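Student:
In the numbering used here, the protein residues as written are 4 to 168.
1. Where do the N-terminal and C-terminal ends of the alpha helix (DSSP H) with residue 137 fall, by residue?
2. Check whether the stretch 152-163 touches the stretch 35-47, taking contact to mean three or more Cβ pairs, one atom from each stretch, closer than 8 Å.
3. Out of 95, 134 and 110, which has the shortest C-alpha to C-alpha gap to residue 151?
4. With the cut-off set at 8 Å, would you say residue 134 and residue 15 are in Cβ contact?
5. Indicate the three-state DSSP secondary structure (helix, strand or coil) for residue 87 in the structure shown.
6. Do the stretch 73-83 and the stretch 115-130 touch if we need at least three Cβ pairs shorter than 8 Å?
7. Which residue's Cα is closest to the Cα of residue 49: 31, 148, 92 and 110?
8. Closest to residue 104 by C-alpha separation, out of 144, 22 and 33, would be which residue?
9. Please classify residue 89 as buried or exposed, where buried requires at least 16 neighbouring CB atoms within 10 angstroms.
10. Cα-Cα, which of 86, 80 and 107 is closest to residue 139?
11. Measuring CB to CB, does residue 112 end up less than 8 Å from residue 137?
12. Considering just the uninterrupted stretch of the alpha helix (DSSP H) at residue 98, what are its terminal residues?
13. Compare the beta carbon distance of residue 99 and residue 63 with 8 Å and say whether it is the shorter of the two.
14. Residue 70 and residue 155 look like a contact to me (Cβ under 8 Å); what is the Cβ gap, rounded to whole Å?
15. Taking residue 48 as part of the alpha helix (DSSP H), name the residues at either end of that continuous run.
16. Mark residue 18 as exposed unless 16 or more other C-beta atoms lie within 10 angstroms of its C-beta, in which case mark it buried.
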């Protein structure tokens, strides 16, 4: 998960540089048009943050109960790791960390739309656009992480179903 913070930083930096370049290197075209997008970006990132925050506990508890605590999954992990269950909850810890950082970045990106972008033009606008692009990157990474875990969940249920037959 260490690579994630570097990718997030790169996305924020690319968002800042991209906003500056779209602004035609300081002529103001981007900073004049950006206020029309700020409300939508604020609302979207705040909605994503609140949704993921409320969903976080439910997802983690259900994944632990329905997948990681089953003997079928534990036997599968033992077969892969040579009998060790030391990292049984590692996927859940990684997903938890990813969800926390996604919520935090979405809240930061949302708050920057109402603070930095209004108070410190044009550079605050560039920074707000960069934070929004970083948050969008983490939302996509979170979606991919969730889909990977749901796939593991379904595979565990299928394995358990086959054993019952």
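Heads up, the beta-carbon is just placed ideally off N, CA and C, and yes, glycines get one too. Remember, it's a predicted structure, so these values are computed and weren't measured experimentally.
Tutor: To lay it out plainly:
1. As a position in the chain shown, residue 137 is number 134, starting the count at 1. Element bounds for residue 137: 126-167.
2. no
3. In the chain shown, the residue the question calls residue 151 occupies position 148. Residue 151 has its Cα closest to that of 95, out of 95, 134 and 110.
4. Looking up residue 134 in the chain shown gives position 131. Looking up residue 15 in the chain shown gives position 12. The answer is yes: Cβ separation under 8 Å.
5. Here the question's residue 87 lines up with position 84 in the chain shown. Looking at residue 87 - three-state DSSP - the assignment turns out to be coil, as it is neither helix nor strand.
6. no
7. If you number the chain shown from 1, residue 49 lands on position 46. Checking every option, the nearest Cα to that of residue 49 belongs to 110.
8. Counting from 1 along the chain shown, the entry for residue 104 is found at position 101. Of the listed residues, the one whose Cα sits closest to residue 104 is 144.
9. Taking the first residue of the chain shown as position 1, residue 89 is located at position 86. So residue 89 counts as exposed.
10. Working through the chain shown from its first residue, we reach residue 139 at position 136. The shortest Cα separation from residue 139 among 86, 80 and 107 belongs to 107.
11. The residue you call residue 112 lines up with position 109 of the chain shown. The residue you call residue 137 lines up with position 134 of the chain shown. Result yes, Cβ atoms of residue 112 and residue 137 sit closer than 8 Å.
12. Looking up residue 98 in the chain shown gives position 95. Run containing residue 98: 93-117, per the alpha helix (DSSP H) assignment.
13. Position 96 of the chain shown, counting from 1, holds the residue named residue 99. Position 60 of the chain shown, counting from 1, holds the residue named residue 63. In contact: residue 99 and residue 63 (Cβ atoms closer than 8 Å).
14. Numbered from its first residue, the chain shown carries residue 70 at position 67. Numbered from its first residue, the chain shown carries residue 155 at position 152. Yes, they are in contact, since the Cβ atoms of residue 70 and residue 155 sit about 6 Å apart, within 8 Å.
15. As a working note, residue 48 is residue 45 in the chain shown. It spans 38-66 - the alpha helix (DSSP H) in which residue 48 sits, taken as one unbroken run.
16. In the chain shown, the residue the question calls residue 18 occupies position 15. Buried is the call here.
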